[in-house]
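Step one of this worksheet: look at the structure below.
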Ligand SMILES: NC(=O)c1ccc[n+]([C@@H]2O[C@H](COP(=O)([O-])OP(=O)(O)OC[C@H]3O[C@@H](n4cnc5c(N)ncnc54)[C@H](OP(=O)(O)O)[C@@H]3O)[C@@H](O)[C@H]2O)c1
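See below:
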């Protein structure tokens, strides 16, 4: 896959999956634009010294102004990959309104705002189409498995529905929109949280990144509106 001379936004690019995606994109020649929540996250990011890594401290991507400013600075935009998000495990009766809103903000609102800004960048001015890839979760495809994490499941299900609906809306603009739905991935945080699990069953972040890269690439010529399970052996 060839991303030479192509600008790509990767929200959540400094996280576990995000870093693997950025590494793969850099190897394929892309210029990677990564919004960071704060200076500390930008400082910590281990690929920060790379000449084709452009970091921007934006604050939360649930903030409309922050997202608009981020995308205005990037032209022409080829692809936008929305990995920012997070997990909250709790039964609904133990979920506060604050947690519910936090889950919706970090998973759906950030994704929707980035999708909107990306579509505008890909269709206005120099824009001639592009690729968008969102990150849902297995629970977004298998709702029963969301017991004990209802707010998370609802928010990731919204990401999946948004993906399919938007894909129809912008297909004629030459923008292909898709998502991946990971099961539990092999990350340091998950190993720490589940020390007795069989890690061999979990998909590796590099493997999930490979699927994302194809969906975001010019080589993806016809696939849109898919929410692709990336489960490994689990
Ligand atoms: N890990 C899994 O097993 C798993 C399974 C299914 C789906 N997913 C999804 O896959 C994605 C990546 O997971 P991961 O394990 O790589 O997570 P991660 O390491 O925590 O990375 C997520 C990144 O998103 C950023 N972020 C969260 N909310 C944000 C906001 N409102 N504005 C800006 N940035 C924000 C985080 O910043 P901070 O670190 O500064 O908060 C972090 O850099 C997430 O969407 C997650 O829900 C993960």
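In my numbering, the protein residues as written are 6 to 239. Each residue gets a CB set at the ideal place from its N, CA and C atoms; glycine is no exception. These numbers come from a predicted model, not from an experiment.
Q.
In whole angstroms, give me the CA-to-CA distance for residue 29 and residue 101.
A. The C-alpha of residue 101 is placed about 38 Å away from the C-alpha of residue 29.
Note to self: Please return the same chain residues whose Cβ sits closer than 7 Å to the Cβ of residue 25, not counting the five positions on each side in sequence.
What the structure shows: Around residue 25: 210, 211, 214.
Among the candidates 103, 21, 220, 190, whose CA atom is the shortest distance from the CA of residue 139?
Out of 103, 21, 220, 190, 220 has the C-alpha closest to the C-alpha of residue 139.
Locate the beta strand (DSSP E) running through residue 13, then write down its first and last residues. Per DSSP, residue 13 belongs to the beta strand (DSSP E) from 12-16.
I need the DSSP call for residue 207, collapsed to helix, strand or coil. In the three-state reduction of the DSSP assignment, residue 207 falls in the coil class.
message = Under 8 Å, with one C-beta from each stretch per pair, do the stretch 172-183 and the stretch 115-133 reach the 3-pair mark?
response = Under the Cβ criterion (8 Å, minimum of three pairs), the stretch 172-183 counts as touching the stretch 115-133.
Task: alpha helix (DSSP H) segment containing residue 162, residue limits - done: Its alpha helix (DSSP H) spans residues 155-175.
Q. Does the Cβ-Cβ distance between residue 6 and residue 45 come in under 7 Å?
A. Not a contact, by the Cβ cut-off of 7 Å.
For residue 168, verify whether its CB is less than 6 Å away from any heavy atom of ligand 1. Taking the Cβ of residue 168 as the reference point, every heavy atom of ligand 1 lies at 6 Å or farther away.
Q) What separation, rounded to the nearest whole angstrom, lies between the Cα atoms of residue 60 and residue 117? A) Rounded to the nearest angstrom, the two C-alpha atoms are 21 Å apart.
- Taking three-plus beta-carbon pairs below 8 Å as touching, is the stretch 179-196 in contact with the stretch 227-239? Between the stretch 179-196 and the stretch 227-239, the count of Cβ pairs shorter than 8 Å is three or higher; the stretches touch.
Provide the residue(s) that pair with residue 238 in DSSP beta bridges, ordered along the chain. Paired residues: none, contrary to the question.
Closest by C-alpha distance to residue 181, when choosing among 166, 229, 146, 111: The shortest C-alpha to C-alpha distance from residue 181 to any of 166, 229, 146, 111 is the one to 229.
| said: By alpha-carbon positions, which one of 67, 57, 108, 153 ends up nearest to residue 95? | reply: Taking each of 67, 57, 108, 153 in turn and checking the Cα distance to residue 95, the smallest one comes out for 153.
| task | Assign residue 9 to one of three DSSP states: helix, strand, or coil. | result | Residue 9 falls in the coil class under three-state DSSP.
Which residue comes first and which comes last in the alpha helix (DSSP H) that contains residue 125? 115-128 is the span of the alpha helix (DSSP H), which, as asked, contains residue 125.
In the DSSP assignment, what are the bridge partners of residue 187? 235.
Neighbourhood of residue 204 by C-beta, 8 Å cutoff - its chain only, sequence neighbours within 5 removed:
Cβ neighbours of residue 204 beyond the five flanking positions: 191, 196.
Requested in this report: Kindly indicate the opening and closing residues of the beta strand (DSSP E) around residue 135.
Outcome: Here the beta strand (DSSP E) through residue 135 covers 135-140.
Hey, quick one: how far does the alpha helix (DSSP H) through residue 241 stretch, first residue to last? In the structure as shown, the chain begins at 6 and stops at 239. Residue 241 is therefore absent and cannot be evaluated.
Would DSSP call residue 276 helix, strand or coil?
With the chain covering 6 to 239 only, the question about residue 276 has no answer from this structure.
Residue 62 by DSSP, collapsed to three states: which one? In the structure shown, residue 62 sits in a strand (DSSP, three-state: E or B).
Q. For residue 217, which residues of its own chain have a beta-carbon under 7 Å away from its beta-carbon, when the five flanking residues on both sides are left out?
A. Once the five neighbours on either side are set aside, the close Cβ partners of residue 217 are 26, 86, 138, 185.
Sub-7 Å separation of residue 160 and residue 107 beta-carbons
Their beta carbons are not under 7 Å apart, which means residue 160 does not touch residue 107 by this criterion.
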